[in-house]
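Numbering (the numbering used here), first residue to last: 2 to 635.
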Ligand code: PRX
């Protein structure tokens, strides 16, 4: 892989020249005066002085050459609805939405919280914020009141844009009680709430003076033309909250110019997209994959983006391939869990559709096991490319870049460091570089390339503390993932070094789940760990100490208490974080200094050896974990 190696080498050794070249892929109102300002490590400022706008790059700049081309194809198998927007239509809708938002007093630098299902209005809202220089913070529709409130408190939005509900597998998830409750408990609630009514909630109410109906407001802004607000490249475009080791999610702050350039470059070199082609990313706009590759990446690159609301197997397991065939999708992006779900179905569902337009399928978000990688590659007859990245990076960190060089795929490996990343595998013990096949922490020597998080929203110190202090004496970004590199330079990811778990590609913090469990009045203490699951990658499992043992005295009582705890998690955090089981114990394994022995609990729950237990306070706590797991351990 001489070609790619050389490409990567140049991106590190001639960093500024390399990125100055990539910067030509997007429009600048005013060019930058400095490609990189790294005078305050580890804070990197890209394209300093350059003026640009994400909405202009995603929409306006395509009007002349491709105004009539489809920009957004919306398909919902939940409602049976399909809607198509050309770039010209999208421009109109975004202007209307920007007019609506502006009329509610939102301007440059103000935050707008978007809590929406997978409907085009969510995309309009994101782009409208970008147009105004306002900062959006999209919260995944699967999160509940408490998660939403934590994000409101941190982002302090002026406005919330939401809907009456989302749909999943034919079931409506109503939002009203969640946003009302979140606003009620929030310390800095938004003054205004715009609600898009899908007709799902027959009891949808409205708070006078606070709530406005999306359609009604839109009808008053039909002819609005809202000029683009040019912003300096380093001004924030959005905040996206992500889980870490504490119960308090971190607001990943993204810049504007660096992000636009990084996405455009990735569309070209990694995803091999071309303007005019169609990309289909199966994520949700509430996650980083949705931000980068449903909304901004394809649109900035002049591609058509497919936005899909629904399951991969409904009405049948051929639905995604039908979408590919009907829309001549060339680039597709999905997750290993979806691949495992489809693997259980008849491969004939793929064969029914003409997927010859598809160049390749990218998967990310969680480890891709070899058998699934092999099965999917054979079933599709197309390259399936595993690539690895994080909310923090915004675009791939380990990948192959087929447009630069078609390096052979190794099953189970997300490939090589993406250009721009000076990636190292560092030993946890002494921060030394690992030898081939030696397990170590995946780290990046800063400056991080364009597109990566610029800081933690409102907390520069937390940014440095969290990500750059894992290796004493070395200013290095830690991904908090274990990895290895083989003799051929291929990398493999082996899971997180911290307490973050990955359930069906959804990143969750065990602390957040613990806090939600503890909201149940009878729970004194709880430990949540991620346990390997053949379909979803990991599942959260809870071990809880109750206050009143009489409430868990019999099998029936335990079952009812377990159900109550699960319902509490659904209400607090959202069903995405619901533990698969809640086991009741009288004691949790802790060290003498009171630290939870989480790795030992996880090992026992997976039927493995609990490891070093010299510091344990009371070893009988482990017996309770073993006993709880008894029926499940084979
Ligand atoms: O642990 C890694 C895992 O997902 C984490 C990042 O999750 P999130 O912030 O939601 O961003 C997802 C963006 C695709 C990583 O720290 N992860 C992501 N991709 C892979 C992966 N683990 C193994 N293989 C991957 N390809």
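Glycine is no exception: its CB is placed at the ideal position from the N, C-alpha and C atoms.
ask   = Who are residue 47's beta bridge partners in DSSP?
value = Its beta-bridge partners are 37.
request  = Give the range of the beta strand (DSSP E) segment to which residue 240 is assigned.
outcome  = 239-243
key: Alpha-carbon spacing of residue 431 relative to residue 626, whole angstroms   = 33 Å
ask   = For residue 494, is the beta carbon positioned less than 7 Å from some heavy atom of the ligand PRX?
value = yes
request  = Check residue 468 in the structure and name its three-state DSSP category.
outcome  = helix
Spatial neighbours of residue 537 in its chain, beta-carbon cut-off 7 Å, leaving aside the 5 residues before and after = 338, 504, 505
query = Can you find at least 3 beta carbon pairs, one from the segment 43-61 and one from the segment 257-268, that sit closer than 8 Å?
reply = yes
query = Beta carbon of residue 149, beta carbon of residue 180: below 8 Å?
reply = Cβ atoms of residue 149 and residue 180: closer than 8 Å.
request  = Say whether the segment 97-107 touches the segment 218-229, bearing in mind that this needs 3 or more beta-carbon pairs closer than 8 Å, one atom from each stretch.
outcome  = Contact between the segment 97-107 and the segment 218-229 is present, because at least three Cβ pairs lie under 8 Å.
ask   = How about residue 27 and residue 265: do their beta carbons lie closer than 8 Å?
value = yes
key: Top-ranked residue by Cα proximity to residue 483, from 466, 426, 500   = 426
query = In whole angstroms, what is the alpha-carbon distance linking residue 76 and residue 428?
reply = 46 Å
ask   = What are the residues that DSSP puts in a beta bridge with residue 544?
value = 528, 584
message = Taking its Cβ as the centre, do 16 or more other Cβ atoms sit within 10 Å of residue 573, making it buried, or is it exposed?
response = buried
request  = Could you tell me which of 320, 403, 278, 602 sits nearest to residue 592, measuring between CA atoms?
outcome  = The alpha carbon of residue 592 has as its nearest neighbour, out of 320, 403, 278, 602, the alpha carbon of 602.
task = Look up residue 441 in the DSSP assignment and give the residues it is bridged to.
result = Beta-bridge pairing links residue 441 to 484.
query = Once you ignore the five residues that flank residue 272 on each side, which residues in its own chain have a CB closer than 6 Å to its CB?
reply = Within the same chain, residue 272 has close Cβ partners 332.
ask   = Thinking C-beta only, is residue 366 closer than 8 Å to residue 336?
value = yes
inquiry  = Using CA atoms only, rank isn't needed, just tell me which of 359, 469, 437, 532 is closest to residue 493.
reply    = Here the closest residue by C-alpha is 437.
request  = Find out if the Cβ-Cβ distance for the pair residue 415, residue 387 is shorter than 8 Å.
outcome  = yes
Helix, strand or coil at residue 356 [DSSP, three-state] = Residue 356 falls in the coil class under three-state DSSP.
ask   = Would you call the segment 135-142 and the segment 298-307 touching, i.e. three or more CB-CB distances under 8 Å?
value = no
inquiry  = From the DSSP secondary-structure annotation, give me the bridge partner or partners of residue 164.
reply    = 197
task = Within the same chain, show all residues whose beta-carbon is closer than 7 Å to that of residue 530, passing over the 5 residues directly before and after it, in chain order.
result = 511, 542, 599, 602, 603, 606
request  = Can you have a look at residue 4 and say buried or exposed, based on whether 16 or more other CB atoms are within 10 angstroms of its CB?
outcome  = exposed
task = Could you tell me the boundaries of the beta strand (DSSP E) in which residue 251 lies?
result = 251-255
message = Can you give me the C-alpha to C-alpha distance between residue 134 and residue 240, rounded to a whole angstrom?
response = 13 Å
query = Smallest Cα separation from residue 322: which of 354, 314, 183?
reply = 354
task = Could you tell me whether any Cβ in chain D is nearer than 8 Å to the Cβ of residue 292?
result = Annotation note: the requested chain D is absent from the structure, which comprises a single protein chain.
inquiry  = At a threshold of 7 Å, does residue 365 count as lining the ligand PRX (C-beta to nearest heavy atom)?
reply    = yes
request  = Specify, as a first and last residue, the run of the alpha helix (DSSP H) that residue 93 falls within.
outcome  = 88-104
task = Would you tell me roughly how many angstroms separate the C-alpha atoms of residue 633 and residue 608, rounded to the nearest one?
result = Bear in mind that a pLDDT of 48 at residue 633, under 50, signals an unreliable position, so the model cannot answer this.
inquiry  = Could you give the first and the last residue of the continuous alpha helix (DSSP H) run that contains residue 508?
reply    = Per DSSP, residue 508 belongs to no alpha helix (DSSP H); it is in the beta strand (DSSP E), 507-510.
ask   = What separation, rounded to the nearest whole angstrom, lies between the Cα atoms of residue 291 and residue 15?
value = 31 Å
task = Please name the residue in 612, 534, 621 whose C-alpha comes closest to that of residue 582.
result = 534
message = Can you tell me whether residue 463 is helix, strand or coil according to DSSP?
response = helix
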